[in-house]
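If you number the sequence shown the way my numbering does, the last residue is 273 and the count never jumps.
Below is one structure; the comments refer to it alone.
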Amino acid sequence: MRARYWLVPLVVAALTASASADDLEPGTAAPAWKVTSAKGAKSTASLADYKGKWVVLDFWGYWCGPCVGLSMPSWMDFAEKHKGQKDHFVIITFHETNRGVTNPEELAPKLESLKQSRWKGRDLPFPVFFDTTGQTLQAYRVRAFPTCVLIDPEGRIATSEVGHEGKVERRLLRELKKLAKKSAAADGAAEGDKVAEGAGEEQPKADTPKEDAPNAGKPKADTPRGAKPKGDKPAGEKPKADKPDSVVGNNRAAA
Numbered sequence: 019m020r021a022r023y024w025l026v027p028l029v030v031a032a033l034t035a036s037a038s039a040d041d042l043e044p045g046t047a048a049p050a051w052k053v054t055s056a057k058g059a060k061s062t063a064s065l066a067d068y069k070g071k072w073v074v075l076d077f078w079g080y081w082c083g084p085c086v087g088l089s090m091p092s093w094m095d096f097a098e099k100h101k102g103q104k105d106h107f108v109i110i111t112f113h114e115t116n117r118g119v120t121n122p123e124e125l126a127p128k129l130e131s132l133k134q135s136r137w138k139g140r141d142l143p144f145p146v147f148f149d150t151t152g153q154t155l156q157a158y159r160v161r162a163f164p165t166c167v168l169i170d171p172e173g174r175i176a177t178s179e180v181g182h183e184g185k186v187e188r189r190l191l192r193e194l195k196k197l198a199k200k201s202a203a204a205d206g207a208a209e210g211d212k213v214a215e216g217a218g219e220e221q222p223k224a225d226t227p228k229e230d231a232p233n234a235g236k237p238k239a240d241t242p243r244g245a246k247p248k249g250d251k252p253a254g255e256k257p258k259a260d261k262p263d264s265v266v267g268n269n270r271a272a273a
């Protein structure tokens, strides 16, 4: 009889595990989500709005110790550390709606309390979606909190985990590193193309003065305008000899 009492929880646990988010098939299309209200985003937001980015879906509850004490602070740290690559990923949270919190207004005082008690004065920087229909939790096979799902830029399941052991975080980190290397390689190639393009252009040659005469390049003396160059005489005219001043003076004295 005692064995039967143990059998029930074991069977229930097995059924729950078989239908958990851990069994979401990588490479398959991520399910569409349902949003009845939202904080930090439009309630009409869909997965298609984030195509081209890695999407982290974190399912949590304000009352969940591992959620508010481990998963959420870890993602806050990750987002801060990798904010330089924020164009490549987005973190979205889905808050459960079965324990009295079904919209942003009801969650607000809980967040303020968590900010002071668990998050070292930090506000929650991620969008919070609510789905009171339960369709999203069912589609993503959420059976426990926290549950985290990583979706690739094409909208396919990349990986998932129940609890927070860093599986999703490590995968996202690897993908961001790949993107960083790819970007660096592209920048290097572009710089190389610029250098090659510049090397192929004909370089300007220095101007070399042409020498028209043997003394080309030597500075010529300026001749005042209207003055005749010294030593030049009209053809046929003989130059007159200059008398020394001392001779002129002696002749005057003799006279």
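Note that beta-carbon positions come from the ideal geometry of N, C-alpha and C, so glycine has one too.
Reduced DSSP category for residue i - H, G, I as helix; E, B as strand; rest coil
i	result
Lys195	helix
Ser38	coil
Ala207	helix
Trp51	coil
Val186	helix
Val335	Summary: the structure shown does not reach residue 335, with the chain confined to residues 19 through 273, and so no result is reported for it.
Val2	Shown here, the chain extends from 19 to 273; a query on residue 2 therefore has no answer.
Asp141	coil
Ser89	helix
Ser131	helix
Thr62	coil
Residue i, buried or exposed, once every other Cβ within 10 Å from all chains shown has been counted against 16
i	result
Pro164	buried
Lys57	buried
Ser201	exposed
Ala203	exposed
Asp105	exposed
Asp41	exposed
Asp95	exposed
Thr154	buried
Glu183	exposed
Ser131	exposed
Asp141	exposed
Val172	It should be noted that the sequence gives Glu, not Val, for residue 172. Glu172 comes out exposed.
Glu179	buried
Glu187	buried
Trp81	exposed
Assumed close pair residue i, residue j - CB separation to whole angstroms, cut-off 8 angstroms
i	j	result
Ala66	Tyr158	About 17 angstroms; that fails the 8 angstroms criterion.
Glu114	Gly79	4 angstroms
Leu168	Leu190	6 angstroms
Phe107	Trp72	4 angstroms
Phe77	Ile110	Not confirmed; about 10 angstroms, so no contact.
Pro44	Thr177	6 angstroms
Asp149	Val53	6 angstroms
Cys166	Leu75	7 angstroms
Ala59	Arg174	Not a contact, Cβ separation roughly 22 angstroms.
Ser55	Asn121	4 angstroms
Val119	Lys133	Contact doesn't hold; Cβ gap of about 16 angstroms is too wide.
Bridge partner(s) assigned by DSSP for residue i
i	result
His113	Trp78 and Phe148
Thr165	Phe77 and Val180
Phe96	Partner(s): none; Phe96 has no beta bridge.
Ala56	Phe147
Arg174	Ala47
Trp72	Phe107
Residue i CB to nearest heavy atom of the ligand SAH below 7 angstroms
i	result
Lys71	The ligand SAH is not part of this structure, which contains no ligands at all.
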